[in-house]
Amino acid sequence: MVDFINKIANFNLPLCPPPVETAFFGGIRHPSVYIWDGWVYAEERKISLYALATPRAFYLDFGLDALRDRDHLPHHWRRFISEDGGKTWQDCGAVLLPRTGTGLFDSRSVWTGSVLKHGGRYLAAYTGIRDTGCETQPKLQALGLAASEDGSGFSPLSEEALLCPLRDYDAIRDAGYYLGPKETLGNDDGEEGGAILAWRDPYLVAEDGAGDTGLHMFWSAKSSLRRLQEAVIGHALIKDPFGRPQAELLPPVFLPDSEQFTQAEVPQLLRSEESGRYVMAVSATNKTADLPPEAVRMTLHFYSAPHLDGAWTALNQYDLTAQRRYPGILFGLEKQADGSTAALWNAPYDGTAPEESRYTLPAEMEKIMIFEN
């Protein structure tokens with residue numbers, strides 16, 4: 004571990020490499036960064052793809068292991084724009100950075116989140132990773148908000164997290180969520196024999212017809228109300244996001260097929276114009292600290308509900324394991340010629356894929372049936 008820390012301290016290349024000037028065609032294989040978790044925000048013809056990114060030089064020049072070391076490193080959000088339905092992508096560079104050296108909730112890294120235009124500005128919800136100074140606790144997560152005038156250059160709205168497992172420990176547990184012992188929060192090897200801390204990947208949704216008052220947030224969480232460390236989706240109402248932000252914790256969202264996985268990650272939601280129902284995509288894995296790599300499964304699940312407060316029913320799922328792709332990115336909903344509705348999705352290649360495709364985004368969108376005609 005000392006050798007690892009020394010290598011990072013001696014890293015003298017940009018933590019956020021500059022944008023590539025030429026457009027990417029046929030997927031995104033960035034020459035300077037790896038990309039993985041992603042999410043989109045669409046405005047008419049313009050699709051903004053936001054993705055977690057980290058310099059390739061960490062791994063290719065320093066010899067670090069992408070699977071073992073990635074989550075110990077500082078990441079940034081990177082933005083790519085397409086105006087032709089995802090055929091080509093223009094790199095806009097880094098748009099959100101960790102506040103390193105500050106001791107704040109996002110002082111080690113920033114992880115997955117979402118972007119939504121709200122109240123005339125672009126609002127981002129994101130996962131902050133705190134630098135605890137202890138390399139056995141590199142995954143201490145909290146949820147924060149940031150804002151931008153144009154969808155780039157996001158600035159955190161507060162030095163305080165919106166929802167923090169350390170600060171809000173009792174309130175979170177009282178609301179029905181699971182957190183492990185305080186002294187082990189963010190452990191690299193999971194919580195009490197289960198998966199790692201789950202308090203990440205916040206996704207913002209404006210409730211249809213509710214105006215500025217109906218701002219919901221969903222994220223990856225766990226609960227022990229029904230069984231020990233069940234993978235669930237967190238849910239809260241966000242009030243006064245640009246003033247004095249507050250989160251009203253709501254009960255966990257229980258998924259009807261949660262016995263299949265230990266982690267429900269990167270929730271993404273859209274409303275179907277055809278049916279009026281909400282669709283939620285969740286990337287799921289059965290991973291725990293002691294599960295052999297060959298036994299790990301990665302799947303993309305789709306659910307539907309008439310309202311944002313549920314109840315959620317399972318629609319369809321897709322097994323990503325053999326393709327070595329994870330997690331899924333929900334690009335949209337599309338009505339088919341026969342009157343059915345399909346979800347459009349893609350997924351980056353993961354850290355087990357061959358080097359030429361590892362942490363890159365394939366070219367082709369996939370379709371999966373979610374509503375029959």
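Numbering-wise (our numbering), the sequence shown opens with residue 4 and increments by one. Ideal Cβ placement from N, Cα and C applies to all residues, glycine included.
Review point. Contact between the segment 56–70 and the segment 117–132: three or more CB pairs below 8 angstroms?
Key: The answer is no - the segment 117–132 does not touch the segment 56–70, with fewer than three Cβ pairs under 8 angstroms.
Exercise for review: Please name the residue, chosen from A250, F245, I332, R229, that lies closest to F221 on a Cα-to-Cα basis.
Suggested key: Minimum Cα distance to F221 is reached at A250.
**Study point:** Whole-angstrom distance between G313 and W80, CA atom to CA atom
**Key:** So the alpha carbons of these two residues sit roughly 30 angstroms apart.
Review point. What is the residue span of the beta strand (DSSP E) that R81 lies within?
Key: Boundaries of the beta strand (DSSP E) harbouring R81: 79–85, taken from the DSSP string.
Review point. Which partner residues of Y37 appear in the DSSP bridge assignment?
Key: By DSSP's assignment, Y37 forms a beta bridge with T57.
Check your understanding: How is the alpha helix (DSSP H) around A350 delimited, first residue to last?
Key -> Membership of A350 in any alpha helix (DSSP H) is not indicated, and neither H nor E is assigned to it by DSSP.
Practice item. Can you say whether Q271 is buried or exposed, counting buried as having 16 or more other CB atoms within 10 angstroms of its CB? Key: So Q271 counts as buried.
Check your understanding: Got a sec? Which residues, its chain only, sit under 8 angstroms from V5 by beta carbon, not counting five neighbours each side?
Key -> Note that V5 scores 40 on pLDDT, short of 50, meaning its location in the model is unreliable; the coordinates nonetheless yield the value given after this. None.
Exercise for review: Pull up the distance between the alpha-carbon of Q266 and that of R203, whole angstroms please.
Suggested key: One Cα belongs to Q266, the other to R203, and the distance between them is close to 11 angstroms.
Exercise for review: Report the rounded CA-to-CA distance for L200 versus R176, giving the unit in angstroms.
Suggested key: The alpha-carbon of L200 is positioned some 13 angstroms away from that of R176.
Practice item. Alpha carbon to alpha carbon, how far is P101 from A45? Give it in angstroms, no decimals. Key: Between the alpha carbons of A45 and P101 lies a distance of about 25 angstroms.
**Study point:** Limits of the alpha helix (DSSP H) - the one that L70 falls within
**Key:** In the DSSP assignment, L70 falls within the unbroken alpha helix (DSSP H) covering 69–72.
Check your understanding: Between which two residues does the beta strand (DSSP E) containing A224 stretch?
Key -> Counting along the chain, the beta strand (DSSP E) containing A224 begins and ends at 218–226.
Review point. Apart from the five residues just before and just after F245, which ones in its own chain have a Cβ nearer than 8 angstroms to its Cβ?
Key: By the criterion of a C-beta distance shorter than 8 angstroms, F245 is surrounded in its chain by G122, R124, L126, A150, L160, once the five residues flanking it on both sides are discounted.
Practice item. Would you decide whether G66 is buried or exposed? Buried here means 16 or more other CB atoms lie within 10 Å of its CB. Key: Of the other Cβ atoms in all chains shown, fewer than 16 fall within 10 Å of the Cβ of G66; this residue is therefore exposed.
Check your understanding: Buried or exposed: which applies to R111, given that a residue is buried once 16 or more other Cβ atoms fall within 10 Å of its Cβ?
Key -> Counting of Cβ neighbours within 10 angstroms places R111 among the buried residues, the total reaching 16 or more.
Point to revise | Alpha-carbon to alpha-carbon, L253 and K338 | key: In a straight line, the C-alpha of K338 is about 32 angstroms away from that of L253.
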